[in-house]
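Right, one structure below, let's go through it.
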Amino acid sequence: QVQLVESGGGLVQAGGSLRLSCVASGSILSIAAMGWYRQAPGKQRELVATVTSGGSTNYADSVKGRFAISRDNAKNMVYLQMDSLKPEDTAVYYCNSKFGSWYDFWGQGTQVTVSS
4 QVQLVESGGG
14 LVQAGGSLRL
24 SCVASGSILS
34 IAAMGWYRQA
44 PGKQRELVAT
54 VTSGGSTNYA
64 DSVKGRFAIS
74 RDNAKNMVYL
84 QMDSLKPEDT
94 AVYYCNSKFG
104 SWYDFWGQGT
114 QVTVSS
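Mapping of the sequence shown onto this note's numbering: residues 4 to 119, in sequence order.
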C-alpha cells in the first residue's frame with residue numbers, strides 16, 4: 004500500500020502563485036509515474052500534469068506555460084508550481100502515483116481557490 008499526502012493548497016488572487024507538494028510513503032515503486040489531477044465542482048477529474056521516473060513531463064493544454072511539475076525521487080516527493088493562476092484553476096488537486104492498472108494510488112486532495 005502507498006500513501007500520498009498533498010499540501011500547499013489555499014486561497015490566492017488571480018495572477019498569483021502556489022506550490023503544491025505531495026509526499027509518498029509505504030510500498031513505493033520508484034519507477035512509477037507521478038502526477039497531479041484536479042476536480043472542479045460539477046466536473047470530472049482531469050489531468051493537470053505528469054512526470055515519469057526519468058523526468059519526462061506532460062501537461063494539460065490549459066496549464067502549459069503556467070504550471071511546472073517536478074519530482075525528487077530521493078525524498079519521494081512531487082511538486083506542482085502554479086503561476087499566473089486563473090479563477091478557472093479553482094479545484095481540488097489530487098496527487099497520483101501510477102504504474103499500470105495494478106499500481107494506482109491517490110491522495111486525499113488539497114483545495115486551491117483562485118479569486119478574481
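The beta-carbon is built from N, C-alpha and C at its ideal position, and this holds for glycine as well.
Asn61: member of the beta strand (DSSP E) spanning Thr60 to Tyr62, first to last residue.
The three-state reading of DSSP puts Asp75 in strand, counting E and B together. Rounded to the nearest whole angstrom, the C-alpha separation of Thr55 and Ser73 is 9 Å. In the three-state DSSP reduction, Asp107 falls in the strand class (E or B). DSSP places Ala43 in no beta strand (DSSP E); its state is neither H nor E.
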